[in-house]
Amino acid sequence: DSICIILPITIFYCFIFVVGIVGNLAICIVIAKNRSMHTATNYYLFNLAVSDFLLLLFGMPLEVYGTWYPYAYPFNQVACIITGLLSETATNATVLTITSFTVERYIAICHPFRSHTMSKLSRAIKFVIAIWLVAFGLATPQALQFGVVESAHTRLCTIKNRHFEHAFEVSSFLFFVGPMTVIAVLYVLIGIKLRKSKLLQGVKRQGASIGSGANGIHHHGGGMTTSGGGAGFRSVSGQTRVIRMLVAVVATFFFCWAPFHAQRLMAVYGAVTNTDNEFFFQVYTYLTYISGILYFLSTCINPLLYHIMSHKFRDASRV
């Protein structure tokens, strides 16, 4: 590998590590210190920051080391399995958390009466615990397939034993294709609901204005209607900001993680078929670099999105 490729990647990795660690810690501190931010949605965002933080902590140092010494894994078999398990668990937790708070937002906006019970903090805490248990349980079959593979001049932590057939293919479906499908459908439904709400509030405000102007008197009832319409409109505007933030997080997730799953499936396919196609390996090599960068980049983008798109979060972070 050329130093012209490795050095810029290393510098970028260091930037991602610093921004991701500091940013996700800031997310956790701000939410923990401000009681006004102790909501179900923010609990999921807190959990997302934790999983991103752990993903950086467990994955980034070895990734940088592997960039410089790709064929000289420094640890033993147990360490290979444990680091794989921790990284897979954090990865799974990130996906499940994004899916969970998307479902929570869908219920809050499209089924507000049901959200009073579904969006309680106690329920959110139980969901967060369940997320980590499921993430750990489904990461185990993959982690057990990792091991140290040695030859005359190489020592790699890679897929060694195929105890579970199609484990990585199933993982790509459960933690990428499935969640993205669910999230896309829910956001379409949320968008339809918000559009209807905006149209309804516009009709209410227009009706209130005509009603009060007809007699030349601002009736108390008309005032209540207008005030209610304004509050509802502001509420819809607030909901729109939240949805924009969550859509941005999900879009970033798709952009950053699609190459990761593509590279993983190519690795599994190449190992099974033992292909010697030069073009295949060239694509795989470039995809490995790209997917590694985007994989870790996702962990430091989320804190930036919260500051840019969430007024409430920006205000709280100044306290």
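Each residue of the sequence shown is one higher than the last, beginning at 1 in UniProt numbering. For glycine and all other residues, C-beta sits at the position ideal for the given N, C-alpha and C. Every value quoted in this text rests on a predicted model; they were computed, and no experiment measured them.
Please return the same chain residues whose Cβ sits closer than 6 Å to the Cβ of residue i, not counting the five positions on each side in sequence.
{"i": "residue 43", "result": "124"}
{"i": "residue 86", "result": "58"}
{"i": "residue 111", "result": "none"}
{"i": "residue 291", "result": "259, 260, 263"}
{"i": "residue 8", "result": "none"}
{"i": "residue 284", "result": "266"}
Look at the alpha carbon of residue i and the alpha carbon of residue j, and state the distance between them as a whole number of angstroms.
{"i": "residue 253", "j": "residue 148", "result": "30 Å"}
{"i": "residue 10", "j": "residue 159", "result": "25 Å"}
{"i": "residue 187", "j": "residue 143", "result": "33 Å"}
{"i": "residue 294", "j": "residue 259", "result": "8 Å"}
{"i": "residue 166", "j": "residue 280", "result": "21 Å"}
{"i": "residue 289", "j": "residue 282", "result": "11 Å"}
{"i": "residue 366", "j": "residue 185", "result": "Past the boundaries of the shown model lies residue 366; the chain is included only from 1 to 319, so the question cannot be answered."}
{"i": "residue 68", "j": "residue 183", "result": "38 Å"}
{"i": "residue 170", "j": "residue 177", "result": "10 Å"}
{"i": "residue 34", "j": "residue 286", "result": "44 Å"}
{"i": "residue 4", "j": "residue 70", "result": "16 Å"}
{"i": "residue 22", "j": "residue 15", "result": "11 Å"}
{"i": "residue 26", "j": "residue 65", "result": "27 Å"}
{"i": "residue 126", "j": "residue 2", "result": "49 Å"}
{"i": "residue 195", "j": "residue 181", "result": "21 Å"}
{"i": "residue 61", "j": "residue 133", "result": "25 Å"}
{"i": "residue 141", "j": "residue 36", "result": "40 Å"}
Here's the rule I'm using: 16 or more other beta-carbon atoms within 10 Å means buried, otherwise exposed. How should residue i be labelled?
{"i": "residue 157", "result": "buried"}
{"i": "residue 257", "result": "buried"}
{"i": "residue 150", "result": "exposed"}
{"i": "residue 261", "result": "buried"}
{"i": "residue 63", "result": "buried"}
{"i": "residue 74", "result": "exposed"}
{"i": "residue 218", "result": "Below a pLDDT of 50, predicted positions are generally treated as unreliable, and residue 218, at 39, falls in that range; the measurement from the model is reported next regardless. When all chains shown are included, residue 218 counts as exposed."}
{"i": "residue 100", "result": "buried"}
{"i": "residue 88", "result": "buried"}
{"i": "residue 179", "result": "buried"}
{"i": "residue 298", "result": "buried"}
{"i": "residue 128", "result": "buried"}
{"i": "residue 277", "result": "exposed"}
{"i": "residue 13", "result": "buried"}
{"i": "residue 146", "result": "buried"}
{"i": "residue 81", "result": "buried"}
{"i": "residue 137", "result": "exposed"}
{"i": "residue 192", "result": "exposed"}
Beta carbon of residue i, beta carbon of residue j: below 8 Å?
{"i": "residue 24", "j": "residue 49", "result": "yes"}
{"i": "residue 135", "j": "residue 96", "result": "yes"}
{"i": "residue 29", "j": "residue 46", "result": "no"}
{"i": "residue 59", "j": "residue 255", "result": "no"}
{"i": "residue 264", "j": "residue 168", "result": "yes"}
{"i": "residue 54", "j": "residue 90", "result": "yes"}
{"i": "residue 250", "j": "residue 102", "result": "yes"}
{"i": "residue 17", "j": "residue 56", "result": "yes"}
{"i": "residue 190", "j": "residue 105", "result": "yes"}
{"i": "residue 302", "j": "residue 175", "result": "no"}
{"i": "residue 94", "j": "residue 52", "result": "yes"}
{"i": "residue 155", "j": "residue 79", "result": "no"}
Check for me: the alpha helix (DSSP H) holding residue i runs from which residue to which?
{"i": "residue 175", "result": "Looking at the DSSP string, residue 175 is not in any alpha helix (DSSP H), and its letter there is neither H nor E."}
{"i": "residue 162", "result": "Segment: none, residue 162 is in no alpha helix (DSSP H) and carries neither H nor E."}
{"i": "residue 90", "result": "77-110"}
{"i": "residue 143", "result": "121-143"}
{"i": "residue 73", "result": "Here residue 73 belongs to no alpha helix (DSSP H), and DSSP marks it neither H nor E."}
{"i": "residue 47", "result": "40-68"}
By the DSSP assignment, the beta strand (DSSP E) with residue i in it spans what residues?
{"i": "residue 35", "result": "Careful: residue 35 lies outside any beta strand (DSSP E) and carries neither H nor E."}
{"i": "residue 158", "result": "155-159"}
{"i": "residue 150", "result": "146-150"}
Among the residues of its own chain, which have a CB less than 8 Å from the CB of residue i, if the five just before and after it don't count?
{"i": "residue 172", "result": "261, 264, 265"}
{"i": "residue 161", "result": "144, 145, 147"}
{"i": "residue 131", "result": "47, 93, 96, 97, 100"}
{"i": "residue 6", "result": "67, 68"}
For residue i and chain D, any beta-carbon pair shorter than 8 Å?
{"i": "residue 110", "result": "This model lacks chain D altogether, as it is built from one protein chain only."}
Once the 5 residues before and after residue i are set aside, which same chain residues still bring their CB inside 7 Å of it?
{"i": "residue 19", "result": "300"}
{"i": "residue 38", "result": "121"}
{"i": "residue 76", "result": "148"}
{"i": "residue 152", "result": "none"}
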